[in-house]
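K.L.:
First, the structure itself, so that you have it in front of you.
Residue numbers (this note's numbering): 8 to 123.
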């Protein structure tokens, strides 16, 4: 008889996930305001953190060059955060970005910039 309450709570949880608006879900895409209508832009990036080392691979499947930068935020107050210089990811090109902290990494992300 305990199966029914568990099934009911699982059903309610699934309903909340399915009803959640699309805008509420986080997406790792370049904002549409930076792109002219109908043009796709932005390299797809994978960021990997291993202890204090950060590596990002960015692949640009689009015909426009995307300048990508790796940003690393360190967990310790005395550890310096870092931003890499812009690296051009040309059409059908994959680039590697590296960064590190002395101790733990709090956050790491990649920013994109269209070449004008």
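Every residue, glycine too, gets a C-beta built ideally from N, C-alpha and C.
When the Cα atoms are used, what is the spatial distance from residue 110 to residue 116?
P.N.:
In the chain shown, the residue the question calls residue 110 occupies position 103. In the chain shown, the residue the question calls residue 116 occupies position 109. Approximately 17 angstroms, taken between the alpha carbons.
K.L.:
Determine the direct distance from the alpha carbon of residue 88 to that of residue 119, and round the result to whole angstroms.
P.N.:
For the purposes of this step, residue 119 is identified with residue 112 of the chain shown, where counting begins at 1. For the purposes of this step, residue 88 is identified with residue 81 of the chain shown, where counting begins at 1. In a straight line, the C-alpha of residue 119 is about 18 angstroms away from that of residue 88.
K.L.:
Going by DSSP, what residue range makes up the beta strand (DSSP E) through residue 77?
P.N.:
As a working note, residue 77 is residue 70 in the chain shown. From DSSP, the beta strand (DSSP E) with residue 77 extends over 73-81.
K.L.:
For residue 97, which option in 66, 46, 61, 57 has the closest C-alpha, if you only look at C-alpha atoms?
P.N.:
Residue 97 sits at position 90 when you count from the first residue of the chain shown. Of the listed residues, the one whose Cα sits closest to residue 97 is 66.
K.L.:
Give the secondary structure of residue 53 by DSSP, where H, G and I count as helix, E and B as strand, and everything else as coil.
P.N.:
One-based indexing of the chain shown puts residue 53 at position 46. It is a strand residue.
K.L.:
Using CA atoms only, rank isn't needed, just tell me which of 83, 93, 122, 79 is closest to residue 55.
P.N.:
The sequence position of residue 55 within the chain shown is 48, counting from 1. Of the listed residues, the one whose Cα sits closest to residue 55 is 79.
K.L.:
What residues match up with residue 104 in a beta bridge as DSSP calls it?
P.N.:
Locating residue 104 in the chain shown gives position 97, where the first residue counts as 1. In the DSSP output, where bridge partners are listed per residue, residue 104 has 63.
K.L.:
Would DSSP call residue 116 helix, strand or coil?
P.N.:
Along the chain shown, one-based indexing puts residue 116 at 109. Of the three classes helix, strand and coil, the one that applies to residue 116 here is strand, per DSSP.
K.L.:
Under 7 angstroms between the Cβ atoms of residue 75 and residue 99?
P.N.:
Locating residue 75 in the chain shown gives position 68, where the first residue counts as 1. Locating residue 99 in the chain shown gives position 92, where the first residue counts as 1. Taking 7 angstroms as the Cβ cut-off, residue 75 and residue 99 do not qualify as a contacting pair.
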